[in-house]
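Residue numbers (the numbering used here): 143 to 312.
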C-alpha cells in the first residue's frame, strides 16, 4: 500500500491580494499581532524591499511568508530577513525553508550585497548565516552573539554598526 501524494506548495512574490492572509498567518505564527503589524508597517513605509516579500502557497492558501527589509551597516545597504512566518499546522514541512531560500536567492540575483537576521541560532545557519560579529558587524543593543547573524549574498558583508529599519524599534 502506498501513501497518497503529499500536496506541493509553490513559492512566489507576494501580491496585494495576499496582505490580509499574511497578516493573519504572521499573527498566528507568533501568537500576537506585533510581528503582523511590523510586516504591514515595513510594507507601508517602503522599508520592506519592493518585490522581496515571498509567500508559500498550498492549494490556494498562503501558508508561509518571509520578507526582506532595508538595513545598513555603516553606509552600506543590505537586507534584513524578518519576520518569517508559517501557519503552525504547516511548520516543519519545508515551506518556511523554501520561502527563505527563494527570497535570499532573489536578493542575491538583484545584487544585494549581504543579509542579516536576528533570530534562532539553531535555525538560520542552514541558509548560510553565521554570527555577525565574525564580519565585524555590531548592534547598539545587547543581544546574544549567536542570535545576530549575517551572510554575504553577492558581495562582502561590511564592518560597522548595524541599523535596522526604524519600524523594528531597535
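All residues carry an ideal CB built from backbone N, CA and C; glycine is no exception.
Keep in mind the model is a prediction, meaning the values are calculated, not measured.
Coil, strand or helix - residue i by DSSP
i: residue 300; result: coil
i: residue 198; result: strand
i: residue 192; result: strand
i: residue 232; result: helix
i: residue 295; result: coil
i: residue 312; result: coil
Residue i to residue j span [Cα, whole Å]
i: residue 216; j: residue 175; result: 31 Å
i: residue 263; j: residue 302; result: 21 Å
i: residue 214; j: residue 229; result: 30 Å
i: residue 270; j: residue 173; result: 28 Å
Same chain, Cβ closer than 6 Å to residue i, neighbours up to 5 away in sequence not counted
i: residue 319; result: The requested residue 319 is not part of the displayed model; the chain covers only 143 to 312.
i: residue 195; result: 156, 209
Option in the options with minimal Cα separation from residue i
i: residue 200; options: 211, 232, 222, 173; result: 232
i: residue 193; options: 220, 245, 178; result: 245
i: residue 318; options: 189, 188, 164; result: Absent from the structure is residue 318, since the part of the chain shown begins at 143 and ends at 312.
i: residue 288; options: 266, 221, 173; result: 266
i: residue 278; options: 306, 311, 291, 222; result: 291
i: residue 304; options: 221, 152, 158, 162; result: 221
i: residue 307; options: 151, 202, 150, 219; result: 219
i: residue 202; options: 191, 247, 236, 154; result: 154
i: residue 252; options: 191, 234, 237; result: 191
i: residue 248; options: 223, 282, 151; result: 223
i: residue 274; options: 250, 211, 300; result: 300
i: residue 152; options: 162, 212, 158, 235; result: 235
8 Å Cβ cutoff, residue i in contact with chain B
i: residue 286; result: As a matter of chain content, chain B is missing from the structure shown, which is built from one protein chain.
7 Å CB neighbourhood of residue i in its chain, flanking five on each side removed
i: residue 285; result: 260
i: residue 309; result: 180, 183, 184, 187, 189
* Using 8 Å as the threshold, is the stretch 188–208 in touch with the stretch 230–250, meaning 3 or more CB pairs across them? -> Verdict: yes, contact present.
* To do: Specify whether the stretch 167–187 and the stretch 217–237 touch according to this definition: at least 3 beta carbon pairs, one from each stretch, less than 8 Å apart.
  => They touch, by the three-pair rule.
* Asked: Using 8 Å as the threshold, is the stretch 247–267 in touch with the stretch 278–297, meaning 3 or more CB pairs across them?
  -> Between the stretch 247–267 and the stretch 278–297 there are three or more C-beta pairs closer than 8 Å, enough to call the two in contact.
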